[in-house]
Amino acid sequence: MRGAHAVTLAVLASTSLTFAQNDLPTFRADGASAFVWGDDNYSSAVSSSIHDPVTGNVIHKLSHAGIEVSSQAGFESIGYGAAGELLSFTTTIANNTESELSVRRGGASIDGHVAFPLSVVPTNKGLRKRERTQAWELIKMTCFLSGFLAHENYFSPNDSSRVFTIPPKSGLKVSFVTQDPRKYPFRCSTDGCYPTGTVRFYVTINTTDYVFIWLGRSSVNCGK
4 MRGAHAVTLA VLASTSLTFA QNDLPTFRAD GASAFVWGDD NYSSAVSSSI
54 HDPVTGNVIH KLSHAGIEVS SQAGFESIGY GAAGELLSFT TTIANNTESE
104 LSVRRGGASI DGHVAFPLSV VPTNKGLRKR ERTQAWELIK MTCFLSGFLA
154 HENYFSPNDS SRVFTIPPKS GLKVSFVTQD PRKYPFRCST DGCYPTGTVR
204 FYVTINTTDY VFIWLGRSSV NCGK
């Protein structure tokens, strides 16, 4: 990759995922270029963090060659009598270049466990019974209802071949939701309950993975 140091994802210990013929993500063992938030010494990308002026939430940023990617991590309890939690990632990509960008599916892992994207749908009306049991309605997830996640663009296995396109001098906001695969993902204190461990999320822009690393405690409770 010109102007950047290639970082192998195998070295990043389960940061990136790829999709096999059955469309389920598996770890990728071959090398691919990546920019990892916080690892500026090993790439030409620049990492930074800011606080949202309205909410105070932490936003991680990765910038390189006119492309700026900003990401936030959030969570909510599944509710409806079910145990577990949902992890959410909202990502804004600003294309300040003169070329069109292609944004492909994102992926996540929690403490080394692969976290599959949920089958998000606007509504399950019109779906067959089996499809309804596997679908997650957007209108029933608090992180969407609160505005933390964008309704318009989101990654889902239902759109496995979909690629988002960003024209020059414009931007895109895209959402990713997954279920925490661990049995005991929460830790509670007087400050509230938050996910434990380390969360990795990436989004692929053209052929490069932009990787963000979060401590569970720094995630936003968008399910309040």
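Add 3 to a position in the sequence shown, counting from 1, and you land on the number used in this note's numbering. For each residue, glycine too, the CB sits at the ideal point set by N, CA and C. All values reported here derive from a predicted model rather than from experimental measurement.
If distances are taken between C-alpha atoms only, which option among the options comes closest to residue i?
i, options, result
"Y187", "G195, G200, L175, S47", "G200"
"C225", "L90, H67, D43", "L90"
"I208", "L104, A48, V39, I81", "L104"
"Y197", "L175, N99, F204, K227", "K227"
"G195", "R220, I142, P184, H154", "R220"
"K128", "G41, V117, P120, E140", "E140"
"D212", "G59, K143, H116, I70", "I70"
"S149", "A138, N161, T58", "T58"
"H154", "W40, D43, I169, T94", "T94"
"A138", "A118, P160, Q75", "P160"
"P170", "V106, S36, Q75", "V106"
In terms of residue numbering, what span does the alpha helix (DSSP H) encompassing residue i cover?
i, result
"E134", "132-137"
Pull up the CB-CB distance for residue i and residue j, whole angstroms please, since I reckon it's below 8 Å.
i, j, result
"E101", "T145", "The pair is not a contact, with the Cβ atoms about 39 Å apart (cut-off 8 Å)."
"V180", "V123", "6 Å"
"N99", "K172", "7 Å"
"V214", "F38", "7 Å"
"H67", "S52", "Not confirmed; about 16 Å, so no contact."
Could you please give the first and the last residue of the uninterrupted beta strand (DSSP E) stretch that includes residue i?
i, result
"F38", "37-39"
"A248", "Past the boundaries of the shown model lies residue 248; the chain is included only from 4 to 227, so the question cannot be answered."
"A111", "104-113"
"V123", "122-124"
"K64", "61-67"
"S47", "That residue, S47, is in no beta strand (DSSP E); it is neither H nor E in DSSP."
So what's residue i in DSSP terms, helix, strand or just coil?
i, result
"N99", "coil"
"V57", "coil"
"G77", "strand"
Please give the ranges of any alpha helix (DSSP H) in the segment 142-225, keeping only runs that are unbroken, at least 4 residues long and fully inside the region.
145-148
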